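**Q** In the numbering used here, the protein residues as written are 226 to 639.
For glycine and all other residues, C-beta sits at the position ideal for the given N, C-alpha and C.
Everything numeric in this text was worked out from a predicted model, so none of it was measured.
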Amino acid sequence: MKDYYKILGVSKDATEDQLKKAYRHLAMKYHPDRNRDDPKTAEEKFKEVKEAYETLSDPQKRQMVDQGIDPNDAQAGGFGGGGFGGFGGFGGADAFSDIFSSVFGDAFGGGRSAHRQSRQMRGADMQYHLEITLEEAIMGCKKDITYDNYVQCETCKGSGAAESGSLKTCPKCHGTGQIQMSRGFFSTIQECPQCSGRGKIVDKPCSKCHGDGRVRVKQTVTITVPQGIEDGQRMRLTGKGQAPLYGGVPGDLYVLVSVKEHAIFKRHESDLFCEIPISFTTAALGGKVDVPTISGTISLTIPPETQTGKMFRIRGKGVKSVRTGSTGDIIVQVIVETPVKLNSEQKDLLKRFEESLNGGSQPVHSGVKSEDGKAQSSRKNSKDSGDEHSPKQSRFMDLIHKFFDDIKNKGKKE
226 MKDYYKILGV SKDATEDQLK KAYRHLAMKY HPDRNRDDPK TAEEKFKEVK
276 EAYETLSDPQ KRQMVDQGID PNDAQAGGFG GGGFGGFGGF GGADAFSDIF
326 SSVFGDAFGG GRSAHRQSRQ MRGADMQYHL EITLEEAIMG CKKDITYDNY
376 VQCETCKGSG AAESGSLKTC PKCHGTGQIQ MSRGFFSTIQ ECPQCSGRGK
426 IVDKPCSKCH GDGRVRVKQT VTITVPQGIE DGQRMRLTGK GQAPLYGGVP
476 GDLYVLVSVK EHAIFKRHES DLFCEIPISF TTAALGGKVD VPTISGTISL
526 TIPPETQTGK MFRIRGKGVK SVRTGSTGDI IVQVIVETPV KLNSEQKDLL
576 KRFEESLNGG SQPVHSGVKS EDGKAQSSRK NSKDSGDEHS PKQSRFMDLI
626 HKFFDDIKNK GKKE
């Protein structure tokens, strides 16, 4: 999959405005009509930049890119509308027409001034970091979040003027919001510096917002966190970002979700992993243990002679995926716990038990010193040696013998 962020030269947390700015810059740089020496290479670069922008400017495709999913794959899934309402694009065609007009001015039916005035100014997007528990992520929840934001001034309704008559047409751009500048062969359109592209200037500023058309407030919104959301996923709240200067359309608020570490479970996609300690007796003879799930505890049967580290899968008891709707599993790894703080009687019982496994001889793991000081095993080769009770230990001791034999034989050859 292409690295669209790298193609545009932006970071992964780039805002819509930053994406659009990078796209405009690169599109003008690689436009074939501005690269007469090598138009073919420029055209390929231009198409690559356009594809990157169109992908990242689509929130659903961007979400897939952030998750390592190729949005061009016909089989790739993505978020539907549930719980993530308000996804919208940036308007790639508008951005392209802006670039075209910036490069060639109005020479090709420009109409950029009319296009600019027909659009409302748009406020900046914002991001909020929300930390939730694993239980909240699995079950879904509602959260009230409070953040500092710029909202439209209610006194002047975003105009910035104390009264309607105090708005005057900008004398520099004559109300168009833009000025045209010629640079040799190229004619460029720029935002009017006097009115900041508004086309109007305020004669008498509003007393509440001081002419900005917006005020800073503490804003609280209630969000619905969908069931099964994963750590690092984002939610988009349309129109909950900053209001622009002098009125217009507010930006969007992106809520970045972070899931706290859990005391029992670790999550991987739709599966939940946990470790459960079991006693030596349960591991040897078998038994039952309680396993926690989302809907309560269930009983897991441990078969006799279970080794530490063995994993069991409990199907359909994991997390319901927000993307696919399917439910994962719970994967349990059992850890055999060695008894601690034993009294004399318990220690004696264990010693006798060990001797019974070895037919009354020394334990299979005991060692003696050879004359040259190297460790050697004293285990027997009969069934009484405990091989049948501890096959892994027996194989390990065989490997030790082979290791020392190899060293000894190598020394003889030399």
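(1) Where does K425 land, buried or exposed, given buried means 16+ other C-beta within 10 angstroms?
(2) Classify S569: buried if its beta carbon has 16 or more other beta carbons within 10 angstroms, exposed otherwise.
(3) Is it a yes or a no for the region 576-583 touching the region 387-402, going by three-plus beta-carbon pairs under 8 Å?
(4) Might you give, ordered along the chain, the residues of its own chain that have their beta carbon closer than 6 Å to the beta carbon of L355, omitting 5 neighbours on each side?
(5) Between which two residues does the alpha helix (DSSP H) holding K443 run?
(6) Taking 8 Å as the cut-off, decide whether the C-beta atoms of C381 and V450 are in contact.
(7) Work out the CA separation of M622 and F628 for me, nearest whole Å.
(8) Could you pull the start and end residues of the alpha helix (DSSP H) that E530 belongs to?
(9) Taking contact to mean 3 or more Cβ pairs, one atom from each stretch, closer than 8 Å, check whether the region 449-464 and the region 361-376 are in contact.
(10) How many whole angstroms separate the CB atoms of C378 and K433, which I take to be in contact at a CB cut-off of 8 Å?
(11) In terms of alpha-carbon separation, which member of R249, G473, F271 and K231 lies closest to Y255?
(12) DSSP state of D295, grouped into three classes?
(13) Please name the residue in P517, D350 and Q571 whose C-alpha comes closest to that of K491.
(14) Based on the DSSP secondary-structure assignment, which residues constitute the bridge partners of L355?
(15) Pairing CB atoms from the region 511-525 with CB atoms from the region 539-558, are three or more of them under 8 Å?
(16) Along the beta strand (DSSP E) that carries K393, what are the first and last residues, could you check?
(17) Alpha helix (DSSP H) containing M253: first to last residue?
(18) Using 8 Å as the threshold, is the C-beta distance between E273 and I232 below it?
(19) Of the choices I560, E494 and P529, whose alpha-carbon is the least far from that of T552?
(20) By DSSP, does I632 sit in helix, in strand, or in coil?
(21) Out of curiosity, what's the CA-to-CA distance linking G534 and L510?
(22) Round the Cβ separation of V561 and F505 to the nearest angstrom and send it over; I've been treating them as touching at under 8 Å.
(23) Which whole-angstrom value describes the C-beta separation of V427 and A386, a residue pair presumed to lie in contact below a C-beta threshold of 8 Å?
(24) Would you mind reading off the limits of the beta strand (DSSP E) that contains Q377?
(25) Cα-Cα, which of I523, I527 and T463 is closest to G512?
(26) Might you give, ordered along the chain, the residues of its own chain that have their beta carbon closer than 7 Å to the beta carbon of K443, omitting 5 neighbours on each side?
(27) Measuring alpha carbon to alpha carbon, tell me which residue in Y278, K227, K246 and A252 is nearest D295.
**A** The answer reads as follows:
(1) Locating residue 425 in the sequence shown gives position 200, where the first residue counts as 1. Looking at its Cβ environment, which holds 16 or more other Cβ atoms inside 10 Å, K425 is buried.
(2) Residue numbering aside, residue 569 sits at position 344 when the sequence shown is read from its first letter. Exposed is the call here.
(3) With a cut-off of 8 Å, the region 387-402 and the region 576-583 do not count as touching, because too few Cβ pairs lie within range.
(4) Counting from 1 along the sequence shown, the entry for residue 355 is found at position 130. The answer, listed in chain order, is V480 and V482.
(5) Taking the sequence shown and counting its residues from 1, one reaches residue 443 at position 218. Looking at the DSSP string, K443 is not in any alpha helix (DSSP H); the run it does join, the beta strand (DSSP E), is R439 to V450.
(6) Here residue 381 refers to the residue found at position 156 when the sequence shown is read from its first residue. Here residue 450 refers to the residue found at position 225 when the sequence shown is read from its first residue. No.
(7) On the sequence shown, position 403 is the one that residue 628 refers to. On the sequence shown, position 397 is the one that residue 622 refers to. Taking the straight line joining both Cα atoms gives about 10 Å.
(8) For the purposes of this step, residue 530 is taken as residue 305 along the sequence shown, with counting starting at 1. From DSSP, E530 is part of no alpha helix (DSSP H); its letter is neither H nor E.
(9) yes
(10) Residue 378 sits at position 153 when you count from the first residue of the sequence shown. Residue 433 sits at position 208 when you count from the first residue of the sequence shown. So it is a contact: roughly 6 Å between Cβ atoms.
(11) Looking up residue 255 in the sequence shown gives position 30. Comparing Cα-Cα distances from Y255 to each of R249, G473, F271 and K231, the minimum goes to F271.
(12) To locate residue 295, count along the sequence shown from 1; it is residue 70. Coil at D295, not helix or strand.
(13) On the sequence shown, residue 491 is found 266 positions in, with the first residue counted as 1. That would be P517, whose Cα lies nearest to the Cα of K491.
(14) Against the sequence shown, residue 355 aligns to sequence position 130. According to DSSP, which records beta bridges pairwise, L355 is partnered with V482.
(15) Segments in contact, yes.
(16) In the sequence shown, residue 393 corresponds to position 168, counting from 1. Segment L392 to T394, the beta strand (DSSP E) holding K393.
(17) Here the question's residue 253 lines up with position 28 in the sequence shown. Looking at the DSSP string, the run of the alpha helix (DSSP H) that includes M253 is E241 to Y255.
(18) Here the question's residue 273 lines up with position 48 in the sequence shown. Here the question's residue 232 lines up with position 7 in the sequence shown. Yes.
(19) Residue mapping note: residue 552 aligns to position 327 of the sequence shown, counting from 1. Cα-wise, what sits closest to T552 is E494.
(20) As a working mapping, residue 632 is identified with position 407 in the sequence shown. If DSSP states are grouped into helix, strand and coil, I632 belongs with the helices.
(21) Here the question's residue 534 lines up with position 309 in the sequence shown. Here the question's residue 510 lines up with position 285 in the sequence shown. Roughly 16 Å separates the two Cα atoms.
(22) Looking up residue 561 in the sequence shown gives position 336. Looking up residue 505 in the sequence shown gives position 280. V561 to F505, Cβ: 6 Å. Contact.
(23) On the sequence shown, residue 427 is found 202 positions in, with the first residue counted as 1. On the sequence shown, residue 386 is found 161 positions in, with the first residue counted as 1. Indeed, because the Cβ distance is near 5 Å, the residues count as touching under 8 Å.
(24) For the purposes of this step, residue 377 is taken as residue 152 along the sequence shown, with counting starting at 1. C366 to Q377 is the span of the beta strand (DSSP E), which, as asked, contains Q377.
(25) For the purposes of this step, residue 512 is taken as residue 287 along the sequence shown, with counting starting at 1. It is I527 whose Cα lies nearest to the Cα of G512.
(26) Here residue 443 is taken as the residue at index 218 of the sequence shown, counted from 1. Only T371 and D373 meet the Cβ criterion.
(27) Translated into positions along the sequence shown, residue 295 becomes position 70. The residue with the shortest Cα to Cα distance from D295 is K227.
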